[in-house]
Structures are given as structure tokens and as C-alpha cells.
Amino acid sequence: MIGLRAGIAGGRTPGAVPGMLTPDFARYSLALFHEGRPVFLSEKEGLRPLVECIRACRGRFRGCELHDRAIGLAAAKLVVASEGLVTRIVTRRASARAVALLAKHAVPLTAGEVVPVLLNRDRTGPCLMEQKASATEDPREFLREIFAFFS
138 MIGLRAGIAG
148 GRTPGAVPGM
158 LTPDFARYSL
168 ALFHEGRPVF
178 LSEKEGLRPL
188 VECIRACRGR
198 FRGCELHDRA
208 IGLAAAKLVV
218 ASEGLVTRIV
228 TRRASARAVA
238 LLAKHAVPLT
248 AGEVVPVLLN
258 RDRTGPCLME
268 QKASATEDPR
278 EFLREIFAFF
288 S
């Protein structure tokens, strides 16, 4: 395993979706599962864990389930650009634009709540990564920009 130091949308809980795992956000902020086994876990906050996950796992795994505490437009664009690494997502909170983008690219999402936009930590406006994601249309270009930003 890589990482970690050692109502639901549509009215369905993850347990009610065939084959979908129930998230344990007390243990991790982000987890990637392949064939039901965790292959990447992180306790870090923000977009960084997803960036690290994609760097570590893209090309090694396909068809994984992603658990992330929050999925905004930035995370959705990274998932779309990850070339089949993630094929379904479970989250506590998703932004409306993330839901729309994932639906457009046929990535199933189960969310505890859908909000208009993910806010910054001070709750005074959209989070920085949501703003960055809005400025770049192409998910693959956004992935390149974010990889450079976090390098």
C-alpha cells in the first residue's frame, strides 16, 4: 500500500450500491481502492493527497474506487485526466460543477451532500484550487498545471 503512515446523492448509501465500499473518513481523508483493497491512503488535507495518489498510482492501476472527503471541480478534473485510474467516487461533499463534470465523463459519484462550490478554510469565498480549476478548461492541461504547482 502507498501513502498513510501506517442524505447520499440519489438517496443511496454506499452499502446500497453493488460492490461499493463504505468510506472510513476517521482513518483517512483520501483512499484509493483496487479490487476492494486499499492501494493508497492519506491523512493530509486539500488537493495534495489526490495529486500524490495520481502520481503514485496512474499507470499501475485502473478501475479504482476513490474515497475523498470533498470533491470539487479541481478534484473532478484530476480524476477525469487520470486516464481510467478512478472509475467511481464516494465523498461526503461535492460541488455542483464537480458533479456535472463527472456525469459528463460517466464517472459515478455518491455524495453525502452537493453544494454550489467548495469554500476556502475561512469560508469567505471559493477555495483556491476551485478558482484554478475554473481557469483551465481541459482536464489534462489542468493536471499538468497542478503537477507543476505541487512539485
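Numbering-wise (the numbering used here), the sequence shown opens with residue 138 and increments by one. Even for Gly, the Cβ is constructed at its ideal location relative to N, Cα and C. No experiment lies behind these values; they were computed from the predicted model shown.
By the neighbour-count criterion, in which 16 or more other beta carbons inside 10 Å mark a residue as buried, T159 falls on the exposed side. Counting only runs of at least 4 residues, the region 164–247 fully encloses the following alpha helix (DSSP H) elements, listed from N- to C-terminal order: 185–194, 210–218 and 233–241. For E274, the secondary structure class from DSSP, reduced to helix, strand or coil, is coil. M266 places its beta carbon 8 Å or farther from that of G196. The three-state reading of DSSP puts L158 in coil, since its state is none of H, G, I, E or B. By the Cβ criterion, the region 200–207 is in contact with the region 221–237, since at least three pairs of Cβ atoms, one from each stretch, lie closer than 8 Å.
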